[in-house]
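See below for the structure under consideration.
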Amino acid sequence: DGTPLLLFNETWYPASSIRGAVSFQQNFRAQDSDIILASMPKSGTTWLKALTFSVVSRDRYSPKESPLITAPPHELVPFLEVDLYLKSQNPNLDFPPPRILSCHTHYTYLPESIRDSNCKIVYVCRNPLDQAVSDFVFVRDRVSGIANPLSSSLIDEGFENICRGVQSYGPFWNNVLSYWKASLERPDKVLFLKYEDLKEDIILNLKRLAEFLGFPFTEEEEKEGVIEEISRLCSFDNLKDLEVNRNGVHSSGFSNSAFFRKGEVGDWGNHFTPSMAERFWKIVEGKLDGSGLTFKLSQ
Ligand code: A3P
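To convert, take the position in the sequence shown, counting from 1, and add 22; that gives full-length UniProt numbering.
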């Protein structure tokens, strides 16, 4: 598909981000006030970026004047493996605390300063079937630049790969389990969220997020409906319809609209055959066995 994957640190990195990934791992110095948003790609990172940005900057901007209205979430929250390398080749970003940064590197291979400092990590994951479909479409559209119905050959070719864990920043199970275990061992350090839970109860999860980050909502804010306002600002429908996200172009060349497709739980049912879904799901279940981590496949 034009984006070969390279194995480094037991992780399948897209070739285009390998230099950035190495630079990130070797040179990045975390600050205690940093907030790191981690995920497998296509798991709700964009949503989490918008939510986190809104929570920590709510004293500075009302939802009506939020920078999210004119900038896509990925411009407000740099991507550590690629943006830092491309922008300056100097991984120490210079903007006021708390810096919000994102990455897809497995917990085990994060720079030591992230694991050892007091910075916080929020991980978002998504059921592996929806994650895979979202990634297939994202890669296809980025390569072809046109939105065709998902071609069956793309899924067929990619299917054997995902069954072996060969996917961007995968294996899926290593990525999620590394953070899942860290969140159990260090609950003050790592907050573990699921896309399906955010879809089910965004208010509850926004409160958890704000509290975890040390920016809890006050009773007054709750009464004034601040949490609801943030959830509306960051909702799929609202962000997708903004001019900047409909027609803007990302610095690496693909359109901002590629980050907003369907935003649903269970779309995998429209793309995988039942036998493919069952086979892949069995593999993932086997890998997660004994961890206590579960996924909802439909809302
Ligand atoms: P779909 O392709 O299934 O629609 P990431 O941000 O990690 O790249 O993930 C992208 C996925 O999250 C896409 O899924 C996208 O539509 C969905 N998404 C983006 N913004 C969202 C939002 N505000 N709420 C819910 N889903 C969102």
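Even for Gly, the Cβ is constructed at its ideal location relative to N, Cα and C. Here the structure is a predicted model, which means the values were calculated and not measured.
- request: Could you please give me the residues that DSSP links to F281 through a beta bridge?
  value: The partner list for F281 (beta bridge, DSSP) is empty, contrary to what the question assumes.
- prompt: If you check the beta carbons only, do A280 and F160 fall under 8 Å apart?
  reply: yes
- prompt: In this structure, does DSSP put T68 in helix, strand or coil?
  reply: helix
query: So, using beta-carbon positions, are P95 and A72 closer together than 8 Å?
result: yes
task: Would you mind working out which of E134, R82, Y201 and T67 sits nearest P118, comparing C-alpha positions?
output: R82
message: Which same chain residues end up closer than 8 Å to I136 when comparing Cβ atoms and leaving out the 5 residues on each side of it in sequence?
response: F50, A52, D56, I58 and I143
task: Assign T92 to one of two classes, buried (16 or more other C-beta atoms within 10 Å of its C-beta) or exposed (fewer than that).
output: exposed
query: Just the Cα atoms here: how many angstroms apart are S45 and D263?
result: 35 Å
query: Roughly how many whole angstroms lie between the Cα atoms of N227 and E243?
result: 16 Å
- request: Below 7 Å CB to CB, which residues in the same chain sit around P113 once its five sequence neighbours on both sides are set aside?
  value: Low per-residue confidence applies at P113: pLDDT is 47, beneath 50, and the placement is therefore not dependable, though the value from the model is reported in the following sentence. Result list for P113: S45, F46, N49, F50 and L106, in chain order.
query: Quick one: Cα of G42 to Cα of S79, how far?
result: 28 Å
- request: Give the straight-line distance between the Cα atoms of G314 and V287, rounded to the nearest whole angstrom.
  value: 21 Å
For Y145: DSSP bridge partner residues: A60 and F214
- request: Please state whether DSSP places V188 in a helix, a strand or coil.
  value: coil
- request: Answer with buried or exposed for K216, where buried requires no fewer than 16 other C-beta atoms within 10 angstroms of its C-beta.
  value: buried
query: With 16 other CB atoms within 10 Å as the buried threshold, where does Q321 fall?
result: exposed
- prompt: Which residues in the same chain have their Cβ closer than 7 Å to the Cβ of Y129, if we skip the five residues on either side of it in sequence?
  reply: S200, Y201 and A204
message: I'd like to confirm the pairing. Which residues does DSSP put opposite L231 in its beta bridges?
response: DSSP lists no partner for L231.
query: If you count every other CB in all the chains shown that lies within 10 Å of the CB of N278, and 16 or more means buried, which is it?
result: buried
- request: Could you give the DSSP three-state label for P36: helix, strand or coil?
  value: strand
- prompt: What are the complete alpha helix (DSSP H) segments, minimum 4 residues, inside the stretch 72–101?
  reply: 95–98
task: Helix, strand or coil for V248, going by three-state DSSP, please let me know.
output: helix
Bridge-paired residues (DSSP) for S124: L59 and F101
query: Nearest-angstrom Cα distance between T316 and R121?
result: 31 Å
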